[in-house]
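See below for the structure under consideration.
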Amino acid sequence: MLLLDCVERWDDEQILCVASSHRSASNPLRVGGRLGAICAVEYAAQAMAVHDALVRAKEGGEPQRTGAGYLASVRELCLEITRLDDIEGDLAVSATRLAAHSSLLYNFAIATDRRILVRGRIIIFVAAQQEAPDV
Numbered sequence: 038m039l040l041l042d043c044v045e046r047w048d049d050e051q052i053l054c055v056a057s058s059h060r061s062a063s064n065p066l067r068v069g070g071r072l073g074a075i076c077a078v079e080y081a082a083q084a085m086a087v088h089d090a091l092v093r094a095k096e097g098g099e100p101q102r103t104g105a106g107y108l109a110s111v112r113e114l115c116l117e118i119t120r121l122d123d124i125e126g127d128l129a130v131s132a133t134r135l136a137a138h139s140s141l142l143y144n145f146a147i148a149t150d151r152r153i154l155v156r157g158r159i160i161i162f163v164a165a166q167q168e169a170p171d172v
């Protein structure tokens with residue numbers, strides 16, 4: 038499920054992505070025709086994953102393979118709205134890296150027209166990549 042349209046800019050510490058999928062009637066996160074504001078966490082997590090891959094590619098020449106990522110924690114979540122699907126403009130999805138080792142820690146904000154709609158902090162645990170056995 039790809040929710041983000043593009044990366045507008047990024048550096049080693051942060052990323053800014055743009056999304057319009059919140060307006061799509063076929064958005065897979067919709068329930069009963071509505072896209073709740075809590076779904077912004079998935080938008081932020083996707084921006085975090087893209088940022089991590091871009092930073093690793095820059096550092097090592099190509100993205101390293103990692104295991105699956107698991108949402109470990111969402112903290113300081115502030116929802117200024119109840120739903121995303123009635124937002125007319127594109128979403129600006131920003132994430133700022135605070136730490137990255139065996140887990141990723143980012144602050145994030147989802148905004149439109151310079152108005153912050155959702156913000157918080159996410160920790161994603163990244164499982165170790167399992168090597169395929171030699172046959």
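When you number the sequence shown by my numbering, it's gap-free, plus one each residue, and the end is 172.
Positions of the beta carbon are idealized from the N, C-alpha and C atoms, including for glycine.
Bear in mind the structure is a predicted one, so any value in this text is a computation, not a measurement.
Is residue j closer than 7 Å to residue i when the C-beta atoms are compared?
i      : j      : result
Ser57  : Asp127 : yes
Ala146 : Arg158 : no
Leu108 : Trp47  : no
Val130 : Cys54  : yes
His88  : Ile52  : yes
Residues in the same chain with beta-carbon distance under 6 Å from residue i, minus the five sequence neighbours each way, listed in chain order, please.
i     : result
Ser63 : none
Gln83 : Leu40 and Leu41
Ala77 : Ile147 and Val155
Find the nearest neighbour of residue i within the set the options, judged by alpha-carbon distance.
i      : options                        : result
Phe162 : Ala136, Arg152 and Asp150      : Ala136
Ser61  : Glu125, Asn144 and Leu116      : Glu125
Leu35  : Cys115, Arg120 and Met85       : Nothing about residue 35 can be read from this structure; the chain reaches only from 38 to 172.
Leu116 : Ala74, His59, Met38 and Thr149 : Ala74
Arg120 : Arg71, Glu79 and His138        : Arg71
Gly106 : His138, Gly97 and Arg67        : His138
Leu66  : Met38, Ala81 and Glu45         : Met38
Could you tell me the boundaries of the beta strand (DSSP E) in which residue i lies?
i     : result
Leu53 : Gln51 to Ala56
Arg46 : Cys43 to Trp47
Below 8 Å CB to CB, which residues in the same chain sit around residue i once its five sequence neighbours on both sides are set aside?
i     : result
Cys43 : Cys54 and Val55
Apart from the five residues just before and just after residue i, which ones in its own chain have a Cβ nearer than 7 Å to its Cβ?
i      : result
Thr133 : Glu50, Gln51, Tyr143 and Asn144
His59  : Leu72, Leu121, Asp122, Ile124 and Leu128
Between which two residues does the alpha helix (DSSP H) carrying residue i extend?
i     : result
Val87 : Ala77 to Gly97
Taking only runs of the alpha helix (DSSP H) that begin and end inside the segment 110-160, which ones reach a length of at least 4 residues, in chain order? Residue ranges of uninterrupted alpha helix (DSSP H) with 4 or more members are absent from the segment 110-160; none lies entirely inside it.
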